[in-house]
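**Q** Chains as they are written, first to last, in full-length UniProt numbering: chain A, 1 to 637; chain B, 1 to 200. Questions regarding the structure given below will be posed in turn.
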Amino acid sequence: MTGSGRPPSPADLAAGSEEAEAFLRRTWSTPSGFLAALSTVDHKIIGRRYVATAFVFLILGGVLALVMRIQLAFPETRFISADRYNQIFTVHGSNMMFLFAVPVMEAMAVYLVPLMVGTRNIAFPRLNAFSYWIYLAGGLLLWISLALDTAPDVGWFSYVPLAGPQYGVGKRADLWAQMITFTEVSALAVAVEIVVTVFKLRAPGMSLDRIPVFVWSMLVTAFLVILAMPAIMFASSSLILDRLVGTQFYNPAEGGDVLLWQHLFWFFGHPEVYIIFLPAVGIVSAIISTFTQRPVFGYMPLVLAMIATGILSFGLWVHHMFVAGLPRLGSSFFTASSMAIAIPAGTQIFCWLATLWDGRPVFKTPLLFVIGFLITFVIGGLTGVMVASVPLDSQVHDTYFVVAHFHYVLIGGSVFPLIGAIYYWFPKMTGRMMSERSGRWAFGLIFTGFHLTFFPMHILGLQGMPRRVYTYPPELPWAGLNLFVSLSAFILAGGFLVFFIDALRSFRHGPRAGPNPWNASTLEWAVPSPPPPYNFRHIPVVESREPLWMSDETLAVATGLRLDRRELIVSSVTAGEPEAREASPADSIWPFLAAIATGIMLIGSIFSPWAVVWGAAPVAITLTGWFWPKQTREDES
Amino acid sequence: MKERVVADLSKLPLHGLGSASLTFWGTSAFMLIEGMGFALAIVVYFYLMSLAPHWPIEAPAPDLLPGTILTLLLLVSIVPNMLVARWAKQRDLRKVRVGLIVMTLLGASPLIPRAFEFRALHIGWDDDAYGSIIWTMLGLHATHIITDLIDTIVLACLMFSKHGDNARRYGDVEDNALYWNFVVLAWLPLYGCIYWVPRL
Numbered sequence: 001m002t003g004s005g006r007p008p009s010p011a012d013l014a015a016g017s018e019e020a021e022a023f024l025r026r027t028w029s030t031p032s033g034f035l036a037a038l039s040t041v042d043h044k045i046i047g048r049r050y051v052a053t054a055f056v057f058l059i060l061g062g063v064l065a066l067v068m069r070i071q072l073a074f075p076e077t078r079f080i081s082a083d084r085y086n087q088i089f090t091v092h093g094s095n096m097m098f099l100f101a102v103p104v105m106e107a108m109a110v111y112l113v114p115l116m117v118g119t120r121n122i123a124f125p126r127l128n129a130f131s132y133w134i135y136l137a138g139g140l141l142l143w144i145s146l147a148l149d150t151a152p153d154v155g156w157f158s159y160v161p162l163a164g165p166q167y168g169v170g171k172r173a174d175l176w177a178q179m180i181t182f183t184e185v186s187a188l189a190v191a192v193e194i195v196v197t198v199f200k201l202r203a204p205g206m207s208l209d210r211i212p213v214f215v216w217s218m219l220v221t222a223f224l225v226i227l228a229m230p231a232i233m234f235a236s237s238s239l240i241l242d243r244l245v246g247t248q249f250y251n252p253a254e255g256g257d258v259l260l261w262q263h264l265f266w267f268f269g270h271p272e273v274y275i276i277f278l279p280a281v282g283i284v285s286a287i288i289s290t291f292t293q294r295p296v297f298g299y300m301p302l303v304l305a306m307i308a309t310g311i312l313s314f315g316l317w318v319h320h321m322f323v324a325g326l327p328r329l330g331s332s333f334f335t336a337s338s339m340a341i342a343i344p345a346g347t348q349i350f351c352w353l354a355t356l357w358d359g360r361p362v363f364k365t366p367l368l369f370v371i372g373f374l375i376t377f378v379i380g381g382l383t384g385v386m387v388a389s390v391p392l393d394s395q396v397h398d399t400y401f402v403v404a405h406f407h408y409v410l411i412g413g414s415v416f417p418l419i420g421a422i423y424y425w426f427p428k429m430t431g432r433m434m435s436e437r438s439g440r441w442a443f444g445l446i447f448t449g450f451h452l453t454f455f456p457m458h459i460l461g462l463q464g465m466p467r468r469v470y471t472y473p474p475e476l477p478w479a480g481l482n483l484f485v486s487l488s489a490f491i492l493a494g495g496f497l498v499f500f501i502d503a504l505r506s507f508r509h510g511p512r513a514g515p516n517p518w519n520a521s522t523l524e525w526a527v528p529s530p531p532p533p534y535n536f537r538h539i540p541v542v543e544s545r546e547p548l549w550m551s552d553e554t555l556a557v558a559t560g561l562r563l564d565r566r567e568l569i570v571s572s573v574t575a576g577e578p579e580a581r582e583a584s585p586a587d588s589i590w591p592f593l594a595a596i597a598t599g600i601m602l603i604g605s606i607f608s609p610w611a612v613v614w615g616a617a618p619v620a621i622t623l624t625g626w627f628w629p630k631q632t633r634e635d636e637s
Numbered sequence: 001m002k003e004r005v006v007a008d009l010s011k012l013p014l015h016g017l018g019s020a021s022l023t024f025w026g027t028s029a030f031m032l033i034e035g036m037g038f039a040l041a042i043v044v045y046f047y048l049m050s051l052a053p054h055w056p057i058e059a060p061a062p063d064l065l066p067g068t069i070l071t072l073l074l075l076v077s078i079v080p081n082m083l084v085a086r087w088a089k090q091r092d093l094r095k096v097r098v099g100l101i102v103m104t105l106l107g108a109s110p111l112i113p114r115a116f117e118f119r120a121l122h123i124g125w126d127d128d129a130y131g132s133i134i135w136t137m138l139g140l141h142a143t144h145i146i147t148d149l150i151d152t153i154v155l156a157c158l159m160f161s162k163h164g165d166n167a168r169r170y171g172d173v174e175d176n177a178l179y180w181n182f183v184v185l186a187w188l189p190l191y192g193c194i195y196w197v198p199r200l
């Protein structure tokens, strides 16, 4: 209440009243307590949770990689059994793709996109909360299965007939398929939130040509998720049906086809690479722009290249199947389209090089990781052009050459930028800086360790070492390089250890960060670090593509949003013109309960098809609870 | 950072309708996801058909009657569905309530012929790949009818409650109508695949 006894108004906030700001804070805050933590719908809390969880999965997946490297360090080692090795490489790959790489990029978007577009929360915050819980449940399912020695053992792409009812013993392949459902539901939910947030919640004046490149990258990524992931859901659901109720999708004896699996899987699987890579394009653009203190060169070509990459990514899946005996004409087409994607990738690289060339680069840790990305990703891209060629692919298919190639692309193309992004946005997320000294050590160890680990794998592959073998005889000429690779993997792991220790230490003890420690240009840096629950005191009005560099130390804002309910601005899709005020939902326990009900239904359906029937009732009840309005201010109009 | 006030948003409406509503875009995005699911089912159908020496495999073509009745019911339901959407836009609570009851009945009625459709396929889901894909198509679409029916029932209850006369709820009614149109339109290519392609 104000001194006059009335509640603070938007005018009080505009006049600079601290009481009004405290009132606004109360409106948007998540209360303390365990139940409140399960009920929060604040995109920043959920985003941080998502990022932290994804990094825990990265550590776990990294430990599995080290176990594999210990096993392969010497010929005929008996460190782990063949069966355990099969589980470990399957869980490693599935974990890294489905529980780390995609979720961590979406998690960054969950945290950053609302701030970057100048709004106070993400669209559909309860769906956002649900997506996190269902993702966590899927991750736990996979890792608990590994702990119980019942983990999937059929590779991260779970090819049939190996994963089918005839050869896939027990419930291992079912666990894999259902883990897919969990993570895809989560990914699709976030994709919808991102699309709607970018389309409809942008700050007034943020027209399409003023959207930050990172936001563009997440928008294109979200569309890729929406269009690609139904394919893997269809494929994995059909696999479960084949295994559980005897459908014949993948059984050639009854009119099914094993290649149908590969088509569906890779129709998703290749865009998946770009679902992981495109956010990195946004990250790299943001970091290069900030550390050269100039707008990124070629904004429009960069955006168009991302869109072109997204479209082309759907025309590449068959290059994973060149040795599957498909018609030659098809192979030629997919060779051409695979090579064509180098064009937008090259455009992006040259835009970044031009920005660096024309700016005054300051080589802080985030930019070092970007430089590491440029070098590594270009090498991975070149081997990508090589395996896009049918004759070469026929030689190196399923060898360590391919293992080397995709680690260059995936770690080079996404993990390097991601680590740079953590150093870059850590001050915003936590209010504290990470250590520059530790960052340089982390970069040095990760970059060196990475190349020493994965470059020799190209040679091993050319020497004929196949993927997914748990050991090899001593008479083959692979022992020396394998030992070298295994030792190098520990250098790489050491780099990550430095990074994680630095992050944990800085979280509590790092130097305090101001709102904009790097002098960056986008809107997330206009708010305190970490941002308050309401993000922006007033909704910013965007007048240029680099609002903080053009603002002359002042930010144009709009007033008038109520302080006593969670209000957002809905704007037009193209011009970013304000259309309406919209209430953002209050905290709720129902998304958590809905995730539990959905999880029970999905896990139950591994064992009985009737679980879908009886499990649907609790899901419907929780969703109704979620949907049903309470006597809250969000319901007013 | 200092602030410079350049606009006042207090006069904006408290809820956007149509394309100014967030749920409109959310519903559209989910329709895109589910549309991809239906499209993939159709692609798989034709893929398996291209591999089969004859189609259907080891079964006569499905009986037309239940599927055709269902199709007609769905098509008829579009008219009241669009009327409900119009009444929601006009914020006419009484008509919206009546319309939602009608749509609940019209949402439930296709489930009757749908129950007979499975038997009319003349093949089990586990007999061969042809049976598997057409059972999947029917099952997938039946799930959508049931989901939308439950949504319509909950929405009808809501509109009869004190929460009904509210711009957000009218927006929900419009979005529910949009989704039902999607359920109907998604059925038409499935109907062609299941009932007419085997007769070509």
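Yeah, the Cβ is synthetic: ideal placement off N, Cα and C, and Gly gets one too.
Going by DSSP, what residues sit across from A/Ser571 in a beta bridge?
**A** Note: A/Ser571 sits in a beta bridge opposite A/Pro578.
**Q** Starting from A/Phe234, find everything on chain B with Cβ-Cβ shorter than 8 Å and list it in chain order.
**A** Within chain B, the residues near A/Phe234 are Gly37, Leu40, Ala41 and Val44.
**Q** In three-state terms, what does DSSP make of A/Thr399?
**A** In the structure shown, A/Thr399 sits in a strand (DSSP, three-state: E or B).
**Q** The alpha helix (DSSP H) that contains A/Thr309, what's its start and end?
**A** Here the alpha helix (DSSP H) through A/Thr309 covers Tyr299 to Leu312.
**Q** Along the segment 563-574 of chain A, where does the CB come closer than 7 Å to a CB of chain B? Name the residues.
**A** Going along the segment 563-574 of chain A in chain order, one finds Ile569 and Val570 with a Cβ nearer than 7 Å to chain B.
**Q** How many Å lie between A/Tyr472 and A/Arg49 at the Cα?
**A** For A/Tyr472 and A/Arg49, the distance between alpha carbons rounds to 41 Å.
**Q** Cβ closer than 8 Å: which chain B residues qualify as neighbours of A/Gln248?
**A** Asp126, Asp127, Asp128, Ala129, Gly131 and Ser132, listed in chain order.
**Q** To the nearest angstrom, how far is it from the Cα of residue 638 of chain A to the Cα of A/Phe157?
**A** Look at the range of chain A in this structure, 1 to 637, and you will see that residue 638 of chain A is not part of it.
**Q** Name the DSSP bridge partner or partners of A/Thr554?
**A** Looking at the DSSP assignment, A/Thr554 forms a beta bridge with B/Lys2.
**Q** If the cut is a Cβ gap below 8 Å, which residues of chain B does A/Leu188 touch?
**A** Ile33, listed in chain order.
**Q** The alpha helix (DSSP H) with A/Pro204 in it runs from where to where?
**A** A/Pro204 -> no alpha helix (DSSP H), and no H or E assigned at all.
**Q** Under 8 Å between C-beta atoms, does A/Ile379 make it to chain B?
**A** With 8 Å as the cut-off, A/Ile379 does not count as an interface residue toward chain B.
**Q** I need the straight-line Cα distance from residue 720 of chain A to B/Ile146, nearest angstrom please.
**A** There is simply no residue 720 of chain A to check, as chain A begins at 1 and stops at 637 in what is shown.
**Q** What are the start and end residues of each continuous alpha helix (DSSP H) run of 4 or more residues lying completely inside the segment 412-466 of chain A, in chain order?
**A** Within the segment 412-466 of chain A, the complete alpha helix (DSSP H) runs of at least 4 residues are 416-430 and 436-462.
**Q** List in chain order: all unbroken alpha helix (DSSP H) runs of 4+ residues lying wholly within the segment 234-302 of chain A.
**A** Whole alpha helix (DSSP H) segments, 4+ residues: 258-292.
**Q** Closer than 7 Å, Cβ to any Cβ of chain A: which residues of the segment 4-19 of chain B, in chain order?
**A** For the segment 4-19 of chain B, which is checked against every Cβ of chain A, the residues closer than 7 Å are Arg4, Val5, Val6, Ala7, Asp8, Leu9, Ser10, Leu12, Pro13, Leu14, His15 and Gly16.
**Q** Between the alpha carbons of A/Trp28 and A/Ile539, how many angstroms are there, rounded?
**A** Using only the alpha carbons, I get a separation of about 14 Å.
**Q** Should A/Leu277 be flagged as near chain B, meaning a C-beta pair shorter than 8 Å?
**A** Before going on, a small fix: residue 277 of chain A reads as Phe here, not Leu. No, A/Phe277 lies away from the interface with chain B (no Cβ there is under 8 Å from its Cβ).
**Q** Could you check whether the Cβ of A/Ala308 sits closer than 7 Å to any heavy atom belonging to the ligand FMN?
**A** In the structure on display, the ligand FMN does not appear, and there are no ligands present to speak of.
**Q** Would you call the segment 98-108 of chain B and the segment 117-124 of chain B in contact, with 3 or more CB pairs under 8 Å?
**A** In short, these stretches do not touch, since the Cβ pair count stays below three.
**Q** Just to check my reading of the structure: A/Ala203 and A/Gly576 have Cβ atoms closer than 8 Å, yes? What is that Cβ distance to the nearest angstrom?
**A** Right, their Cβ atoms sit about 7 Å apart.
**Q** Listed from N- to C-terminal order along the chain, which residues in the segment 130-161 of chain B have their beta-carbon within a distance smaller than 8 Å of any beta-carbon of chain A?
**A** So the close ones are Tyr130, Gly131, Ser132, Ile133, Trp135, Thr136, Ile150, Val154 and Leu158.
**Q** For A/Ala520, which residues in chain B fall below 7 Å Cβ to Cβ?
**A** Simply none; closest approach about 13 Å.
**Q** Against A/Thr624, what residues of chain B qualify as contacts under a CB-to-CB distance less than 7 Å, listed in chain order?
**A** Going along chain B in sequence order, the residues near A/Thr624 (Cβ under 7 Å) are Val154.
**Q** Does the beta-carbon of A/Val220 have 16 or more other beta-carbons within 10 angstroms, so that it is buried, or is it exposed?
**A** Looking at its Cβ environment, which holds 16 or more other Cβ atoms inside 10 Å, A/Val220 is buried.
**Q** Let me know if B/Lys11 comes out buried or exposed under the rule of 16 or more other beta-carbons within 10 Å of its beta-carbon.
**A** That one is exposed.
**Q** When we look at the beta-carbon of B/Leu65 and count the other beta-carbons within 10 Å, is it buried (16 or more) or exposed?
**A** Exposed, because fewer than 16 other Cβ atoms sit within 10 Å of the Cβ of B/Leu65.
**Q** Please classify A/Arg537: does DSSP put it in a helix, a strand, or coil?
**A** The answer is coil: DSSP assigns A/Arg537 none of H, G, I, E or B.
**Q** Just confirm the distance between the C-beta atoms of B/Leu48 and B/Ile133, as a whole number of angstroms; I'd bet it's less than 8 Å.
**A** Indeed, because the Cβ distance is near 6 Å, the residues count as touching under 8 Å.
**Q** Taking buried to mean at least 16 other C-beta atoms within 10 Å of its own C-beta, is A/Arg69 buried or exposed?
**A** That one is buried.
**Q** I'd like to check one pair, A/Ala191 with A/Asp587: are the Cβ atoms closer than 8 Å?
**A** Cβ atoms of A/Asp587 and A/Ala191: not closer than 8 Å.
**Q** Compute the Euclidean distance between the alpha carbons of A/Asn275 and B/Trp55, then round it to the nearest angstrom.
**A** Note that residue 275 of chain A is Ile in the sequence shown here, rather than Asn. Rounded to the nearest angstrom, the two C-alpha atoms are 37 Å apart.
**Q** Whose C-beta lies closer than 7 Å to the C-beta of B/Ser109 among residues of the same chain, with five residues either side of it excluded?
**A** So the list reads Leu73, once near-sequence residues are dropped.
**Q** Name the chain A residues whose beta carbon is nearer than 8 Å to that of B/Lys2?
**A** In chain order: Glu553, Thr554 and Leu555.
**Q** Beta-carbon of B/Leu65 versus every beta-carbon of chain D: anything under 8 Å?
**A** Of the protein chains in this structure, namely A and B, none is chain D.
**Q** So A/Ile501 is in the alpha helix (DSSP H); what residue range does that whole segment cover?
**A** It spans Ala479 to His509 - the alpha helix (DSSP H) in which A/Ile501 sits, taken as one unbroken run.
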